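J.: Protein chains in written order, with the working numbering: chain A, 1 to 363; chain B, 1 to 289. For every residue, glycine included, the Cβ atom is placed at its ideal position computed from N, Cα and C. As the structure is a prediction and not an experimental result, all values here were calculated from the model.
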Ligand SMILES: Cc1cc2nc3c(=O)[nH]c(=O)nc-3n(C[C@H](O)[C@H](O)[C@H](O)COP(=O)(O)OP(=O)(O)OC[C@H]3O[C@@H](n4cnc5c(N)ncnc54)[C@H](O)[C@@H]3O)c2cc1C
Ligand code: SF4
Ligand code: SF4
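(1) Name the chain A residues that come within less than 9 Å of residue 249/B, Cβ to Cβ?
(2) Quick one: list the residues of chain B neighbouring residue 285/A, beta-carbon separation under 7 Å, in chain order.
(3) What residue does the alpha helix (DSSP H) around residue 308/A start on, and which one ends it?
(4) Return yes when the Cβ of residue 87/B is within less than 9 Å of the Cβ of residue 16/B, no when it is not.
(5) Using only CA atoms, which one of 350/A, 277/A, 183/A lies nearest to residue 75/A?
(6) Under 8 Å: does the beta carbon of residue 232/B sit that close to some heavy atom of ligand 3?
(7) Which of helix, strand or coil does DSSP assign to residue 291/B?
(8) Quick one: list the residues of chain A neighbouring residue 227/B, beta-carbon separation under 7 Å, in chain order.
(9) Any heavy atom of ligand 3 closer than 8 Å to the CB of residue 267/A?
(10) Between the region 105–125 of chain A and the region 134–142 of chain A, do at least 3 Cβ pairs fall closer than 8 Å?
(11) Can you grab the Cα-Cα spacing for the pair residue 148/B / residue 213/B, in whole Å?
(12) Determine, for residue 275/A, whether the minimum Cβ-Cβ distance to residues of chain B falls below 9 Å.
(13) Give the range of the alpha helix (DSSP H) segment to which residue 149/A is assigned.
(14) From 53/A, 219/A, 62/A, pick the residue whose C-alpha is nearest to that of residue 346/A; which is it?
(15) On a CA-only basis, which of 85/B, 33/B, 222/B, 279/B is nearest residue 136/B? Give me that one, please.
(16) If you follow the beta strand (DSSP E) that residue 15/A is part of, which residue opens it and which one closes it?
(17) Near residue 50/B, which residues of its chain fall below 6 Å by C-beta distance, leaving aside the five closest residues on each side in sequence?
(18) What does the Cβ neighbour count give for residue 7/B, buried or exposed, with the cut at 16 atoms within 10 Å?
(19) Decide yes or no for the touch test of the region 329–343 of chain A against the region 249–261 of chain A: beta carbon pairs closer than 8 Å, at least 3 of them.
(20) So, for residue 73/B: in the same chain, excluding its five sequence neighbours on each side, which residues have a beta-carbon less than 7 Å away from its beta-carbon?
(21) Beta carbon of residue 28/B: closer than 8 Å to some heavy atom of ligand 1?
(22) Name the chain B residues whose beta carbon is nearer than 7 Å to that of residue 242/A?
(23) If you draw a straight line from the alpha carbon of residue 252/B to that of residue 273/B, how long is it in whole angstroms?
(24) Report yes if the C-beta of residue 355/A is less than 8 Å from at least one heavy atom of ligand 3; otherwise report no.
(25) Who pairs with residue 31/A in a beta bridge, going by DSSP?
(26) Report back the beta-carbon spacing between residue 181/B and residue 145/B to the nearest angstrom; my notes put them in contact at under 8 Å.
(27) Determine whether the Cβ of residue 72/A lies closer than 9 Å to any Cβ atom of chain B.
(28) Is it the case that the Cβ atoms of residue 306/A and residue 289/B are separated by a distance below 9 Å?
(29) Between residue 254/A and chain B, is there a C-beta pair that is closer than 9 Å?
(30) Give the straight-line distance between the Cα atoms of residue 158/A and residue 188/A, rounded to the nearest whole angstrom.
(31) Taking DSSP as the reference, what is the three-state secondary structure of residue 163/A?
(32) Is there at least one Cβ from chain B nearer than 9 Å to residue 90/A's Cβ?
(33) Nearest to residue 321/A by CA position, among 102/A, 360/A, 275/A, 235/A, is which residue?
(34) Taking 7 Å as the limit between beta carbons, can you name the residues of its chain near residue 162/A, skipping five residues before and five after?
(35) According to DSSP, simplified to helix, strand and coil, what is residue 327/A?
(36) In three-state terms, what does DSSP make of residue 257/B?
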């Protein structure tokens, strides 16, 4: 953990470039946030210069826009339209042929997304049938996390217990600082591999003032999230709400477009498709992301089980907040806010949870 | 590079989504739309032994893969044989039904929780099957009849739309001739010459004498049939935890990855397809869950 770490180290902006270079020299393909077509996407970085210096984001329900920041901060932007899920659990993969595993280094993993990776580990990596492809990819990943010091309008990880501080699951963790003393990153290690990289980086030891400032910034972040989940037993609330008329009201707004499931860093559902090549000689089996909003998702001979949009929204939200606990022992929501920002109808999972809680209270 | 991940030692094993090649050694037409295949594994591809109520994922190469229950005798698994009964309803099931002796199909599994028989020892068994639902129940019946002395009354109620739709008529006949087994077959639409029962299975169920506290019930068939029969049995005092039902949901993987087979808290490929009624009764009451 950053603040328990005996002595956090400090690197400057050039140190970040050096970090990317070192990882590349060690054979990693380095992936991080970079600007593309008006959004911050996650993609391979040629070098540290591809990181989004001075770019911030403005988010809201159904809203995401880049903005220029007054400072040069690299990591002060909340979750973008993609998540790290796409690298460990790709949108489309062939599952009946061997696949070379790339060594990936993730730079700029936010605490919510670290928690999401841990959740995917529990879903896809656990017994009795661990997904070996997932585990092989996951095994190779070097994680550089960033503590959140500037949460966005759609963020609520403080209320889901998954941020804004990165607690574990990283090799290195950064806390970005601007202002007096220049642009710099406090750096903590979380693994032997992280320590080995640190040894090769140009760094100095953090001052007491820098450490206090970092702690204050992360503490403040917890108090400045744009949203929060209602403080109630969500698991029980969603269980009891199965028969609620509320789902029909959501259905009036929801377009069943499946955006929320695609952007969610923990939504893991897939479908399997078999195909033959044009000659019909070679069969291939592909797995691709699927969504519980697709009417065919629940198809059984005779028709879909979840025909109405309301029943599909209920399935999604109940799975995230309630039945995920039954199946995998945790919540399926890490409070990243992506589903809120990328819902074309501006449907907000925190607002829907609050509405269900309110309905139950006033009944 | 996460420590916990590094420490997980994983034995090499076949890819979970890659089926083992099995050869069709017998193709038996059961009804106008249903076929029973007997499958044998290729060299070195035999899957683990199955238990009654489990299913496999069957692939017709290049067309697709579907969940199908095992309908064979659990006490006859020599050479790794699998017996499965498939009703043709769409692309994949039709292709499987067309697989003649000698052809190859892909098999993964066996998967899921099957029928619990141990908890019924020394008690009465009541088996209620609707249509193709008799297929997953057959291994259970075989298992019980193979250990007949360990059970009290054994009663089988089987329903079908018409005589032409009735599965395993010879097998049913043979069971009916046993003095230690009561078999009632009912048809929704009677054929000329049919002298047996007519109407929904709820009729004979209501007339079957049961001692609720000694009875374990096993139900499979259309969901509405399962619901009505399980509710009726529970109302007559059979403890819900001793009513076992086999449920169907869309399944794309069988191993808990695809998310399609959810029923509330359940992933039916794992905690099902056979569930205790007390674990699912409330869930099936909710529309479109
Ligand atoms: C645990 C389990 C055991 C089953 N056992 C048997 C059995 O012993 N014999 C038998 O004939 N049928 C059984 N079924 C039903 C069988 O899986 C479907 O009839 C089959 O999937 C239809 O596929 P299709 O491509 O031929 O038809 P389509 O109607 O074209 O189906 C398209 C796709 O939808 C999905 N699908 C459709 N119906 C079902 C369904 N009922 N259950 C799950 N997925 C479905 C499949 O992915 C299928 O490929 C079982 C289903 C489950 C879940
Ligand atoms: S449900 Fe929404 S807020 Fe929660 S993890 Fe998924 S995308 Fe993020
Ligand atoms: S909640 Fe929003 S993002 Fe999700 S399916 Fe409905 S309209 Fe699309």
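T.: Quick look at the numbers:
(1) Within chain A, the residues near residue 249/B are 298, 300, 305.
(2) Chain B residues near residue 285/A: 17.
(3) No alpha helix (DSSP H) contains residue 308/A, which DSSP labels as neither H nor E.
(4) Cβ atoms of residue 16/B and residue 87/B: not closer than 9 Å.
(5) When each option's Cα is compared against that of residue 75/A, the closest is 183/A.
(6) It does not: the Cβ of residue 232/B is nowhere closer than 8 Å to a heavy atom of ligand 3.
(7) The structure shown does not extend to residue 291/B, since chain B is modelled only from 1 to 289, so the question has no answer here.
(8) Correct list: empty, because the minimum Cβ distance to chain A is about 14 Å.
(9) Incorrect: residue 267/A has no Cβ contact closer than 8 Å to ligand 3.
(10) Touching, per the Cβ criterion.
(11) CA-to-CA, the gap between residue 148/B and residue 213/B works out to about 19 Å.
(12) Cβ-Cβ to chain B under 9 Å: yes for residue 275/A.
(13) Here residue 149/A belongs to no alpha helix (DSSP H), and DSSP marks it neither H nor E.
(14) The shortest Cα separation from residue 346/A among 53/A, 219/A, 62/A belongs to 62/A.
(15) Comparing alpha-carbon positions, the option among 85/B, 33/B, 222/B, 279/B lying closest to residue 136/B turns out to be 85/B.
(16) In the DSSP assignment, residue 15/A falls outside any beta strand (DSSP E) and lies within the alpha helix (DSSP H) extending over 13–25.
(17) Within its own chain, the residues whose Cβ lies closer than 6 Å to the Cβ of residue 50/B, once the five positions on either side in sequence are excluded, are 70, 110, listed in chain order.
(18) Unreliable placement is indicated for residue 7/B, whose pLDDT of 34 sits below 50; the coordinate value is still reported in the next sentence. Taking every protein chain shown into account, the CB of residue 7/B has fewer than 16 other CB atoms within 10 angstroms, so this residue is exposed.
(19) Contact holds: three or more Cβ-Cβ distances are below 8 Å.
(20) Around residue 73/B: 139, 142.
(21) For residue 28/B, the CB stays at least 8 Å from every heavy atom of ligand 1.
(22) What residue 242/A touches in chain B: 286, 289.
(23) Each residue's CA atom was taken as its position, placing residue 252/B and residue 273/B some 14 Å apart.
(24) With a threshold of 8 Å, the Cβ atom of residue 355/A does not count as near ligand 3, since no heavy atom of the ligand is closer than that.
(25) 44/A, 106/A.
(26) Sure, about 7 Å apart at Cβ, within 8 Å.
(27) Cβ-Cβ to chain B under 9 Å: no for residue 72/A.
(28) Their beta carbons are under 9 Å apart, which means residue 306/A touches residue 289/B by this criterion.
(29) At a cut-off of 9 Å between beta-carbon atoms, residue 254/A makes no contact with chain B.
(30) Rounded to the nearest angstrom, the gap between the Cα atoms of residue 158/A and residue 188/A is 21 Å.
(31) Residue state, collapsed to three classes: coil.
(32) No, its Cβ sits nowhere closer than 9 Å to a Cβ of chain B.
(33) Its Cα nearest to that of residue 321/A, the residue 235/A stands out among 102/A, 360/A, 275/A, 235/A.
(34) Excluding residues within five positions, the ones whose Cβ falls inside 7 Å are 111, 112, 115, 334, 335.
(35) DSSP places residue 327/A in the helix class (H, G or I) of the three-state scheme.
(36) In the structure shown, residue 257/B adopts coil according to DSSP, grouped into three states.
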